[in-house]
Structures are given as C-alpha cells and as structure tokens.
Amino acid sequence: MDKQAPPQSSGQPSEQPPEQRRYWLDAPRNVDRVVKGVYVLCALATAIELLDGWLGFKHQIHPEFAQTFGFYGVFGFVCYVGAVLAGKSLRRLLMRPEDYYDE
Amino acid sequence: MSSWPPGLLMIIGGLLLPCLPKSGRRWGTVLLPLASGLHLLWLVWGELPDPTGLQLFNQELTLVRIDRLSLVWGTIFHIAALLTAIYSWHVKDATQQSAAQAYAGAAIAAVFAGDLLTLFVFWELTAVTSVFLIWAARTDRSFHAGLRYLIIQIGSGVLLLAGIAMLAGEGGSSALVFDNLWDRFQGGTAGFCPVMLILVAFGIKAAFPLLHNWLQDAYPEATVTGTVWLSAFTTKLAIYALARGFAGADCLVWIGAAMTVFPIFFAVIENDLRRVLAYSLNNQLGFMVVGIGIGTEMALNGTAAHAFAHILYKALLFMSIGAVLYRTGTAKASELGGLYKSMPWTCGFCIVGAASISAVPLFSGFVTKSLILEAAVDNHYSLIYLIMLFASVGVLEHSGIKIPYFAFFGRDQGHRVSEAPRNMLIAMGITAAMCIGIGIFPEPLYRLLPFETGIAPYETYRAGHLISQLQLLAFAALAFTVLIRTGIYPPELRALNLDTDWFYRKPLPAGIRACWRTLEQWRSDAVTGIHRLADPLRKGAHHLLGPGGLLARTWSTAEMVLWVAILLGISLVVYYL
C-alpha cells in the first residue's frame with residue numbers, strides 16, 4: 250500500500266530550516282500585490298472591450314447577446330458568487346459528521 | 025498477433041506480473057504500455073485483416089476495429105497508462121501493479137471492439153480489474169466502497185448484456201455491430217428497450233446524474249496511484265461508447281448540461297480534495313456528453329479533443345493531490361495549506377493542471393472545450409451554452425482555485441515534508457508539458473480528431489474568444505478574492521456531504537433490515553400459532569403415549585391375554601360377517 254506518509258525526517262535537507270525561511274507570500278504586502286494584480290487584470294479585460302472600434306473583434310463573440318459590454322465579466326462574477334453561496338447553503342441540508350456512515 | 029486486440033498484451037502481461045521479481049514488475053509496468061502502443065502502431069500502419077472477426081451464436085464478432093474515433097481514445101489511453109506507470113514506479117504492491125495493467129489493457133481493448141459482445145467482455149473486465157485498485161488501500165472504508173463500486177459496475181455490464189441479448193433476439197447477423205445505435209433506433213431497425221438498456225449501461229459508467237455517485241464514493245478511497253489510474257479509463261471508455269453508439273441523441277444534450285452543473289455545488293463544500301476532483305471529473309464529462317448529444321462533426325471532434333486533454337489534466341491534478349496525500353498522509357482541505365513551501369514543483373504542476381481544466385488560454389482545456397462551446401452556439405443551443413459557461417465558472421471555482429489554494433496556499437498548517445518522489449515529479453512534469461503543449465500547439469491534436477473539419481488553431485485563438493474567456497476567468501477570480509477577503513467563502517470543515525449514495529447506504533440497508541425483522545416476526549408468530557394449534561393434540565398424545573399414559577403404562581400378562589382374546593374374537597366375528 251502506498252498511502253502511508255513517510256516520516257518527515259526523510260525529506261531532503263534544505264539550506265535553511267523551512268520554519269525560519271520567509272517565503273514571498275508570507276509577507277501580507279505581497280498577498281495584497283496578488284490581489285491588486287487580479288484587479289488590474291479585470292480592469293484590462295474590461296478596458297480592452299472599449300477598443301473594439303479599433304480592433305473589431307466583437308463580431309467574433311457568439312451568441313449575439315454575449316456581445317453586450319462586460320457580459321462575460323458580469324456573468325463570471327455573478328455565477329461564481331452564486332455557485333459558492335448556493336453550495337454554502339446546501340451545507341445546511343447535506344452536511345453530516347465524518348463518521349456518519351460508520352465504516 | 026494482427027488479430028489480437030490492442031491492449032491484450034497489457035491484460036496478459038498484467039496478469040503475469042506477480043510472477044516476476046520486484047524489479048521486473050516495475051519495468052514490466054512501464055514496458056507493457058510501450059509494447060502495447062507499438063502493437064497499435066503496427067496495426068495502424070500494417071495490413072489489418074478485415075474484419076478480424078469470428079463467429080459466435082450466428083453473430084459476427086469483430087475483435088479489432090481501428091478507425092479515427094477509436095484511435096483518439098486508443099492513443100490517449102496508452103499515453104495515460106505510460107504516464108501513470110511512471111507515477112506509480114515506487115509502488116511495490118504486486119496486486120496494484122497487476123490490476124492496473126490489466127485494467128488499462130481492458131479499457132484499450134474495449135475501445136477497439138467492433139461489436140457489442142466484445143465490448144461487453146472488456147467492459148466487465150475493466151470493472152473486475154479496477155476494483156483491486158480500490159481494495160488495495162486495505163482499509164474498511166475502501167473495502168466497502170470497492171464492494172459498492174463493483175456492484176454498480178457489474179450492474180452496468182448486466183444491463184449492457186441484457187440490451188445485447190435483446191438486440192440479438194431482434195435478428196440479423198449484424199445486429200451486434202457496435203455502430204450508432206441511436207440512428208438504428210430512429211430508423212426503426214433496433215427496438216426501444218435494448219437501446220435504452222444499453223444507454224443506461226453506458227450512462228452508469230459515464231456517471232450520468234443520479235447514476236453518478238459510485239465515482240465520488242469510490243475514487244477517493246483508492247490508493248494514491250490507484251485513483252490516478254481510475255481517473256483515466258472507466259468514465260472515458262463510457263464517453264467513447266456514447267460517442268460511438270449515441271452521437272446525435274438529443275436527450276444527451278440536456279443530460280450532459282445537468283452533469284456540468286450539479287457537481288459544482290457539491291465540490292464547493294467538499295473537504296476531501298480527491299473527492300472534489302471526482303466531482304470535477306463528473307462536471308467535465310458533462311461537457312463531453314453535451315458534445316455527443318449535439319452530434320455534429322464539430323461537436324464530436326470537440327468531445328474527442330476534450331476527452332484527450334481531460335485525461336491529461338485530470339490525471340495531473342490527481343497526481344499532484346496524490347503526491348500531497350503520499351507526503352502528508354491527508355488530502356483534506358481542512359488539514360492542508362502552505363505546501364508550496366515544501367512541495368514547490370508539485371504546486372507548480374498542480375497549477376498547470378488547474379489552469380488547463382479552467383480553460384485558461386495557452387492551456388489544453390481552452391483549445392478543446394472551445395470546440396464544444398462553439399458547436400453549441402452553431403447549433404442554436406443558446407441556453408445550453410449559458411449553462412456550460414456557468415459550469416466553466418464552476419470548474420474554475422473548485423478545480424482552478426480551490427484545489428491549489430487550499431492544498432498549497434491558504435492557511436499554513438505547518439506540514440514540512442519532502443517534495444514528491446522523483447518518479448512522481450517526472451510523470452507530473454511530462455503531463456504538465458503536454459497540457460501546455462496542447463494549449464500552445466493544438467494542431468497535432470486537431471489532426472488526430474475523428475473528422476476532418478479543418479479547424480484551424482487560430483480560430484480557437486480569435487481575439488473575441490480570447491478576450492471573452494479572459495474576462496470570464498478574471499472576474500471569477502475577482503469574485504473568489506472578494507469572498508475570501510470578506511470571510512463569506514465557506515470554510516473547509518471536517519465533515520461529509522450526503523449525495524445519492526445516501527439512498528443505498530442508509531435507507532436501503534435500513535429498509536432491508538426492517539423487512540428482515542418483519543419476516544422474522546412473521547416466522548416467530550407462525551411458529552407460535554402452530555404451537556398453539558397443536559397444543560391440544562400434543563397434550564392428547566402426551567396423555568395417551570407419554571410417561572404414565574394409557575398406552576405407555578405397564579400392563580400385567582393376564583390383562584394382555586384378555587385383550588388378545590378379545591381382539592381375536594372380534595376378528596373372528598368380522599371374518600364370518
């Protein structure tokens with residue numbers, strides 16, 4: 250069976266114990282940078298639609314109703330939040346203790 | 025050997041593997057898929073007897089049929105078997121090694137089956153061999169999950185056999201040819217019952233809604249490597265069978281759309297990351313089923329391409345979470361986090377898998393799922409298109425973000441473990457490279473597809489499609505950021521969620537136990553009633569024959585002589601009368 254976790258000491262020795270190393274995402278400032286990166290990406294993905302007059306790509310988007318400005322952005326945001334909230338409320342109905350089936 | 029089905033080498037070789045020493049078995053697991061792949065190449069390039077068939081019960085069987093459709097699945101099944109064998113190089117358990125090879129071989133052989141009876145044989149063989157990959161975890165949970173899995177898989181085979189028998193009964197020497205059964209039904213050359221039985225049999229293995237839960241029940245209970253094996257073959261074999269037998273069946277469009285949606289909600293709240301991936305697998309199968317239902321050349325190409333890419337990125341995701349499980353001993357989101365520090369390579373490969381399944385441009389899912397979405401729009405399935413768009417957002421949620429975030433980032437749970445073993449890293453590295461390779465250069469994959477529709481890769485990368493997809497993904501990622509930062513995103517909890525398996529794990533056993541108790545009560549009441557009825561008789565008999573009873577009493581010789589004389593007298597009287 251290959252499900253057993255080998256002892257932690259079996260790891261390759263790193264140059265510095267991991268506990269003492271500071272990783273990039275350990276700094277809250279860098280996490281904020283990632284979040285800002287998402288904002289910028291959203292802004293760019295929306296702004297590029299404004300260039301349609303110059304680039305002329307909207308006619309390639311099908312079906313036609315999806316050519317509305319920001320359609321995919323709004324759809325993505327709303328569906329994501331909807332899926333998470335619906336899943337969250339489903340928990341009240343479906344969640345049981347881990348030993349529910351008692352096997 | 026030209027009439028041997030591709031994959032048969034792996035079945036025979038796999039069954040013989042336990043006879044080899046440990047190192048021989050290891051090499052065997054890698055060499056068998058290679059040898060089988062070469063066998064397939066030889067068949068493709070060589071002269072194949074046509075048909076490579078034999079006669080059974082007046083029916084012509086075609087053991088080997090190689091065409092463009094079967095070749096897509098045959099190719100990716102061999103690649104998956106080789107990659108998973110490399111991933112499983114460290115496994116010493118002969119049961120797993122043997123079962124995995126025989127299982128993959130059976131799936132390959134089933135894909136090249138030209139008739140339904142041959143398909144049935146290999147269909148059942150995949151069920152029987154794959155269950156050992158679940159049982160090999162050797163836990164009580166895996167044993168029970170394996171039993172449930174086996175019952176359902178064998179049940180699918182039984183339905184298939186029933187359908188086949190009915191088709192054969194309808195007559196004709198070509199009744200069992202495995203071609204488009206839906207067209208035959210529509211054309212009136214095949215009956216409703218056999219076609220529906222076969223559709224349900226395929227639907228069970230393809231995890232149709234309400235028939236799906238064997239997948240989420242069993243896969244996460246298999247061994248680390250067993251789950252990767254399982255993820256590649258069973259369900260994709262069913263997708264192939266549907267593409268072969270039910271292309272253009274309208275009902276599949278809606279069934280597929282339902283499949284893309286309902287697993288999303290379960291995946292959001294599931295704590296076991298391997299089970300999240302099983303739900304995600306179910307959702308991806310939905311896209312393929314929609315493509316089959318639409319049934320046009322473009323849609324079927326999309327299904328074949330998506331199956332090809334899906335096997336790779338899904339295996340990659342299962343491999344990375346398998347590596348996490350192997351190192352930390354858990355795959356539960358509530359117990360994981362911060363692993364990018366200890367397992368950076370595994371984290372990177374997981375992100376590649378996540379990007380591929382989320383259809384991020386330049387990754388494989390983008391160039392394959394687009395074909396199905398395009399086919400839906402072209403055929404005026406606007407609502408289905410929107411449902412699949414919603415499902416795409418859902419995929420990004422559970423596989424694109426949740427899996428990497430909770431395993432490798434999120435709250436650091438303090439796991440300080442080694443990076444995954446080298447063989448796992450090699451397998452994940454090659455698989456990740458293929459995911460990116462297909463995304464950037466889709467043309468070789470497009471050339472392999474069943475129909476030559478002249479899809480040009482630049483069509484997939486048209487600015488309109490690229491921008492709309494980027495916008496969809498960016499804003500979905502924004503939604504995640506907002507939900508996490510505001511604390512609305514549901515925390516990962518140590519719990520399980522009920523699914524359709526609840527019906528056969530709780531009420532069904534309880535119902536059977538209640539019936540049994542009722543029957544036991546009836547038996548007990550019947551016994552009591554009989555006793556009550558028989559009691560006067562018993563008492564009478566006891567009075568007559570029991571100790572001290574009339575007939576059991578000790579009689580004197582004189583009394584006996586008197587009675588004998590009386591009896592003789594009576595008999596004399598009777599004689600003279």
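Those protein sequences? They're chains D and E, same order as listed. In the working numbering, each residue's number is its place in the first sequence (first place is 1) plus 249. In the working numbering, each residue's number is its place in the second sequence (first place is 1) plus 24. Note that CB positions come from ideal geometry on N, CA and C, so glycine has one too.
N-terminal and C-terminal residue of the beta strand (DSSP E) that residue i is part of
| i | result |
| --- | --- |
| residue 88(E) | 83-88 |
Three-state secondary structure assigned by DSSP to residue i
| i | result |
| --- | --- |
| residue 313(E) | helix |
| residue 437(E) | coil |
| residue 296(E) | strand |
| residue 204(E) | coil |
| residue 344(D) | strand |
| residue 595(E) | helix |
| residue 521(E) | strand |
| residue 78(E) | strand |
| residue 229(E) | helix |
| residue 356(E) | strand |
| residue 580(E) | coil |
| residue 510(E) | coil |
| residue 273(E) | coil |
| residue 192(E) | helix |
| residue 253(D) | With a pLDDT of only 44 at residue 253(D), under 50, the local geometry of the prediction cannot be trusted, and no value is derived from it. |
Distance, residue j Cα to residue i Cα
| i | j | result |
| --- | --- | --- |
| residue 217(E) | residue 190(E) | 8 Å |
| residue 214(E) | residue 269(E) | 12 Å |
| residue 527(E) | residue 534(E) | 10 Å |
| residue 383(E) | residue 313(E) | 18 Å |
| residue 632(E) | residue 246(E) | With chain E covering only 25 through 601, there is no way to say anything about residue 632(E). |
| residue 580(E) | residue 586(E) | 10 Å |
| residue 151(E) | residue 240(E) | 16 Å |
| residue 127(E) | residue 149(E) | 7 Å |
| residue 289(D) | residue 425(E) | 18 Å |
| residue 449(E) | residue 367(E) | 10 Å |
| residue 278(D) | residue 272(D) | 12 Å |
| residue 66(E) | residue 60(E) | 10 Å |
| residue 53(E) | residue 108(E) | 9 Å |
| residue 588(E) | residue 594(E) | 10 Å |
| residue 416(E) | residue 43(E) | 47 Å |
| residue 344(D) | residue 465(E) | 44 Å |
| residue 41(E) | residue 58(E) | 15 Å |
| residue 27(E) | residue 136(E) | 11 Å |
| residue 142(E) | residue 341(D) | 47 Å |
| residue 325(D) | residue 319(E) | 28 Å |
| residue 516(E) | residue 358(E) | 5 Å |
| residue 524(E) | residue 231(E) | 12 Å |
| residue 284(D) | residue 178(E) | 49 Å |
| residue 204(E) | residue 389(E) | 27 Å |
| residue 46(E) | residue 116(E) | 7 Å |
Chain-order list of residues whose beta-carbon lies under 7 Å from that of residue i (same chain, five-residue window excluded)
| i | result |
| --- | --- |
| residue 592(E) | none |
| residue 180(E) | 225, 228 and 229 |
| residue 469(E) | 329, 332 and 462 |
| residue 521(E) | 290, 293 and 294 |
| residue 32(E) | 129 and 133 |
| residue 259(D) | Residue placement at residue 259(D) cannot be trusted, given a pLDDT of 39 that sits under 50; what the coordinates show is reported in the next sentence. So no residue of the chain qualifies. |
| residue 188(E) | 140, 141, 144 and 200 |
| residue 223(E) | 270 |
Residue i: first and last residue of the uninterrupted alpha helix (DSSP H) it sits in
| i | result |
| --- | --- |
| residue 65(E) | 46-69 |
| residue 295(D) | 277-299 |
| residue 367(E) | No alpha helix (DSSP H) contains residue 367(E), which DSSP labels as neither H nor E. |
| residue 256(E) | 248-269 |
| residue 39(E) | 32-40 |
| residue 27(E) | Taken as a continuous stretch (DSSP letters only), residue 27(E) belongs to no alpha helix (DSSP H), as it is neither H nor E. |
| residue 554(E) | 531-569 |
| residue 92(E) | 92-111 |
| residue 129(E) | 118-135 |
Any non-hydrogen atom of the ligand GDP within 7 Å of residue i CB
| i | result |
| --- | --- |
| residue 274(D) | No copy of the ligand GDP appears in this structure; indeed no ligand is present at all. |
Residues near residue i by beta carbon distance below 8 Å, same chain, minus five either side
| i | result |
| --- | --- |
| residue 428(E) | 371, 374, 375 and 378 |
| residue 501(E) | 420 and 425 |
| residue 161(E) | 245, 246, 247 and 250 |
| residue 295(D) | 319 and 322 |
| residue 298(D) | 307, 318 and 319 |
| residue 174(E) | 151, 152 and 155 |
Chain-order list of residues whose beta-carbon lies under 6 Å from that of residue i (same chain, five-residue window excluded)
| i | result |
| --- | --- |
| residue 236(E) | 306 |
**Report entry** Every unbroken alpha helix (DSSP H) within the region 419-507 of chain E, with a cutoff of 4 residues, ordered by chain
**Finding:** Listed in chain order, they are 427-432, 446-464, 467-472 and 481-484.
Report task. Output the residue ranges of the alpha helix (DSSP H) runs that lie fully inside the region 137-185 of chain E and measure 4 residues or longer, sorted by chain position. Result -> If you keep only unbroken alpha helix (DSSP H) runs of at least 4 residues inside the region 137-185 of chain E, you get 140-159.
Report task. Scan the region 363-415 of chain E and note each continuous alpha helix (DSSP H) run of 4 residues or more that stays entirely inside, going in chain order. Result -> Within the region 363-415 of chain E, the runs of alpha helix (DSSP H) that reach at least 4 residues and sit entirely inside it are, in chain order, 368-381 and 388-402.
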